[in-house]
Amino acid sequence: MRNAIGVDIGGTKIAIGLVQEDGLILKKEEFTTLKNENGEKILQTIAEKLPFFYDENTTGIGVGSAGQIGLSGTVLSATETFSDWQGLPIQTWLEKATGQRVAVVNDVQAMGLGEQFFGAGKGVNNFLCVAVGTGIGGAIIADGKLQRGHSGAAGEVGHMVLYPNGRKCPCGNQGCFEAYASGTALEELYAETFKEVKKGQEIFKEALANNENAAFIINQYVENVAIGLTTLTNMFNPEKIILGGGVSGSLSPFLTDIREQVQSNVNKINKDVKIELSSLGGNAMIIGAASLVL
Numbered sequence: 004m005r006n007a008i009g010v011d012i013g014g015t016k017i018a019i020g021l022v023q024e025d026g027l028i029l030k031k032e033e034f035t036t037l038k039n040e041n042g043e044k045i046l047q048t049i050a051e052k053l054p055f056f057y058d059e060n061t062t063g064i065g066v067g068s069a070g071q072i073g074l075s076g077t078v079l080s081a082t083e084t085f086s087d088w089q090g091l092p093i094q095t096w097l098e099k100a101t102g103q104r105v106a107v108v109n110d111v112q113a114m115g116l117g118e119q120f121f122g123a124g125k126g127v128n129n130f131l132c133v134a135v136g137t138g139i140g141g142a143i144i145a146d147g148k149l150q151r152g153h154s155g156a157a158g159e160v161g162h163m164v165l166y167p168n169g170r171k172c173p174c175g176n177q178g179c180f181e182a183y184a185s186g187t188a189l190e191e192l193y194a195e196t197f198k199e200v201k202k203g204q205e206i207f208k209e210a211l212a213n214n215e216n217a218a219f220i221i222n223q224y225v226e227n228v229a230i231g232l233t234t235l236t237n238m239f240n241p242e243k244i245i246l247g248g249g250v251s252g253s254l255s256p257f258l259t260d261i262r263e264q265v266q267s268n269v270n271k272i273n274k275d276v277k278i279e280l281s282s283l284g285g286n287a288m289i290i291g292a293a294s295l296v297l
């Protein structure tokens, strides 16, 4: 049976997996992303590990990377997580280093492909993936195809504006979805309101235990998530929205509330939209990246 290597390059960790054509991960390794490390050094580290994943059935290497990725596999723009990441030609660099066929997309676009072929999007022609973590990213599957857009960067849903002149977003604009509904935004909102630093998981846990302060912030947070998903639903008319990313598991107890708020506010034609958690979890990006070359 054919297989391919999937690489997930994220701001917190990098994961490499050997993925069978039925979506089964045969082998996997994760390692920590070193903040502000040189981009080529990161690719060199990945290239050194890849030979341990090859076998005679391997058809290539698929990469899902943080940042906005162009159609030729070059990083169009990125945050400061990795120094010298913007402009790095990931696809051609890895092809030269490995001699293998390589394809590269944004990490959440890779998630969308994973869900489409092997997860909660299987058999669904029109759906959105929204990854909620340190930031917010998205992927658009329309008529059964991943939509890359004019330059490859389609799906940056975290940077649609919810509140004009609102909170500052890492992208430089104000009022973005990401500035109100990312895990980072949740922690910042809590710290600003109560002058106390807490991790997002702790805030969720305390809200479920009826802590008044935590519940107050989580109610605002859930409302902001629902506002963003309502806007996306009216914009794209999806059959389903699949939520992934590091915060999505914590959202599980609040999913019914999110669904109810979205369905109360979307246009009538969109009342049947389904909102679900990723069925592949943290493996969605590896599996989706590998599907690029299977």
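The sequence shown begins at 4 in our numbering and counts up by one. Heads up, the beta-carbon is just placed ideally off N, CA and C, and yes, glycines get one too.
- The bridge partners DSSP lists for Gln71 are Ser80.
- The residues Gln177 and Gly178, in chain order, have a CB closer than 6 Å to that of Gly169 in the same chain once the five nearest residues on each side in sequence are set aside.
- When the five nearest sequence neighbours on each side are left out, the beta carbons in the same chain lying within less than 8 Å of the beta carbon of Val160 are those of Leu131, Val133, Ile139, Gly140, Gly141, Phe180, Gly231 and Leu235, in order along the chain.
- Between the alpha carbons of Ile278 and Asn216 lies a gap of roughly 27 Å.
- Ranking Asn268, Met114 and Phe197 by CA distance to the CA of Val66 puts Met114 first.
- Sequence-distant partners of Gly248 (beyond 5 residues in either direction) whose C-beta falls short of 7 Å from its own C-beta, in its chain, are Ala134, Val135 and Gly136.
- Here Phe180 carries a coil assignment [DSSP, helix/strand/coil].
- For Ala184 and Glu59, the gap between their C-alpha atoms comes out near 44 Å.
- Selection Ala212, Lys30, Gly9 and Ile64 evaluated against Gln103 yields Ile64 as nearest (Cα-Cα).
- Just so you know, the alpha carbons of Thr95 and Ala106 end up roughly 9 Å apart.
- Shown here, Ala156 sits in coil according to DSSP, grouped into three states, outside any helix or strand.
- The beta carbons of Ile289 and Asp11 sit about 5 Å from each other, so the pair counts as a contact at 8 Å.
- Annotation for Arg262: Ile278 place their beta carbon closer than 7 Å to its own, counting only its chain and skipping 5 residues before and after.
- Here the region 144 to 159 lies against the region 67 to 86, with 3 or more beta-carbon pairs under 8 Å apart.
- Per DSSP, the beta-bridge partners of Phe34 are Ile17.
- Excluding five sequence positions before and after Leu46, the CB atoms of its chain that fall closer than 8 Å to its own CB belong to Leu91, Ile93, Trp96, Leu97 and Ala100, given in chain order.
- Under the DSSP definition of a beta bridge, Ser281 lacks any partner.
- A straight line joining the alpha-carbon of Gln223 with that of Arg5 spans about 47 Å.
- With a threshold of 16 other beta carbon atoms within 10 Å, Asn109 meets it and is buried.
- Pairing Gln112 with Thr187, the inter-Cα distance amounts to about 21 Å.
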